[in-house]
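A quick write-up on the structure given underneath.
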Amino acid sequence: MSLPAAFVSVILIWSTTPLAIKWSAAGVSSSFSVLLRMLIGVMLCAALLALFRVQLPLHRKALQAYLIGGLSMFSAMALTYWSAQYVSSGMIALLFGLSPLITSLGAMMWLKEETLTPSKTAGMLLGMLGLALVFKGGFSGQGNLLAGLAALLLAVVAQALGLVWLKRIGDDSPPLATTFGILLVALPLFFAAWYWEDGHMPSVWPSRAMAAIMYLGSFGSVLGFALYYYLIKHMEAGRIALITLMTPVLALLLGHGLNNEEIQLHVWFGTGCILLGLGVHRWGSLWVQRFSSK
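See the structure below:
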């Protein structure tokens, strides 16, 4: 696949994933929905590994990556699916747009890879302001919304810090094999969560929910990650960062247009602050240099 096609595909997959999560849990329990998604992902990954004859590494670093990645995936996905009961699909995408900021902060503190420059500080402050604006509706008396937003923020932190930990481990296994190993670790945890919460197969299988689960299991859990790793390998980091700037807005518009989700004014202001913060965090120093050279 060409780089432009992969780039557009990742944007489309990541923009539609939050809405698919909302639809996948309509008519079935959230725990069953995510369990079935992960089961589909495992089977598809196994088929692709066999098709391309990719070995599953079992050395120490690979096993560590599977364990940490699996725990991070379970925490992030379980919290996200629970919060989807109360939070719009656009809000899910918007808060996950904060991942680069939290990942960068974790890398500064844990990996000592980056320094806290003025532009990075400004970007993080703008992101926090945007987050406060997004949470505004939750503090105005909607308890379920506030709980959903809090759970979603914890999910973002779990995913971001999991990525930092994976980078610290430094496993160089094939991305598809790493994805399969992570799914294998996470799958029993999702099964235990479903068994503890409900433990019953749904009596009715809504067609839209099943279609969304199939989409998430194949595109969201496997193809999206594979294409993202492909972009990381062949494209500049600055261009890849554009993905996190585009997906929240597209997801908000999709949720509004296809799921009748109301987007309040303070959410748009919060979205603007978060996206501006991401831009300043990523390119602020470059902008200052260009402005100073004129």
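Mapping to numbering that gives the first Met the number 0: the sequence shown position 168 is 167, numbers consecutive.
Virtual Cβ for every residue (Gly too), placed ideally from N, Cα, C.
With a Cβ-Cβ cutoff of 7 angstroms, do residue i and residue j count as a contact?
i: L165; j: G68; result: yes
i: I181; j: M108; result: no
i: S98; j: A24; result: no
i: A77; j: A192; result: yes
i: G216; j: T16; result: no
i: L2; j: H233; result: yes
i: A208; j: V27; result: yes
i: Y227; j: V9; result: yes
i: S87; j: L249; result: no
i: I12; j: G223; result: yes
i: I273; j: G129; result: yes
If I follow the unbroken alpha helix (DSSP H) through residue i, where does it start and stop?
i: R207; result: S206 to Y214
i: K21; result: L2 to S23
i: L130; result: P117 to F134
i: L251; result: L241 to N258
i: I262; result: Where I262 is concerned, there is no enclosing alpha helix (DSSP H), given that its DSSP letter is neither H nor E.
i: V33; result: S29 to F51
i: Y65; result: R59 to S82
i: A106; result: Segment: none, A106 is in no alpha helix (DSSP H) and carries neither H nor E.
i: P174; result: P174 to E196
i: G89; result: S88 to F95
Rounded C-beta distance between residue i and residue j? I'm assuming under 8 angstroms.
i: L183; j: Y65; result: 7 angstroms
i: V155; j: L110; result: Incorrect: roughly 19 angstroms between the Cβ atoms, too far for contact.
i: P205; j: V53; result: So it is not a contact: roughly 35 angstroms between Cβ atoms.
i: S82; j: L151; result: 4 angstroms
i: L38; j: L251; result: Rounded, the Cβ-Cβ distance is 30 angstroms, inconsistent with contact.
i: L358; j: L55; result: Only positions 0 to 293 of the chain appear in the structure, and residue 358 is not among them; the question remains open.
i: F6; j: L230; result: 6 angstroms
i: S32; j: V279; result: The pair is not a contact, with the Cβ atoms about 37 angstroms apart (cut-off 8 angstroms).
i: L153; j: M123; result: No, L153 and M123 are not in contact; Cβ-Cβ is about 18 angstroms, not under 8 angstroms.
Going by CA-CA distance only, name the one from the options that's closest to residue i.
i: A19; options: V9, A185, L253 and L274; result: L253
i: A60; options: I39, D171 and T116; result: This sequence places Lys at residue 60; Ala is not what is there. If we check each option's Cα against that of K60, D171 comes out closest.
i: L277; options: G147, F95, V86 and E196; result: F95
i: A131; options: H280, L285, R281 and F268; result: F268
i: Y85; options: L55, P201, S29 and F190; result: S29
i: H255; options: A92, R207 and M37; result: A92
i: H265; options: P56, M90, V41 and T114; result: M90
i: A46; options: V221, T246, Q263 and G271; result: V221
i: L144; options: T79, T102, D197 and I168; result: T79
i: T299; options: R167, N258, F290 and F134; result: Limits of the chain in this structure are 0 at one end and 293 at the other, which puts residue 299 out of reach.
i: L57; options: T177, Q263 and L257; result: T177
i: L188; options: A75, W22, K21 and L50; result: A75
i: L125; options: Y214, T270 and A210; result: T270
i: N259; options: L241, W22 and A157; result: W22
i: V133; options: L241, I262 and G161; result: I262
i: T114; options: R281, R289, K135 and I212; result: R281
i: L275; options: L241, R289, Q288 and F290; result: L241
i: F179; options: M0, A4 and G40; result: G40
i: R36; options: M127, A157, M200 and Y214; result: Y214
i: L70; options: E196, L257, A157 and F290; result: A157
Any Cβ of chain C within less than 7 angstroms of the Cβ of residue i?
i: F224; result: Included in the structure is just one protein chain, with no chain C present.
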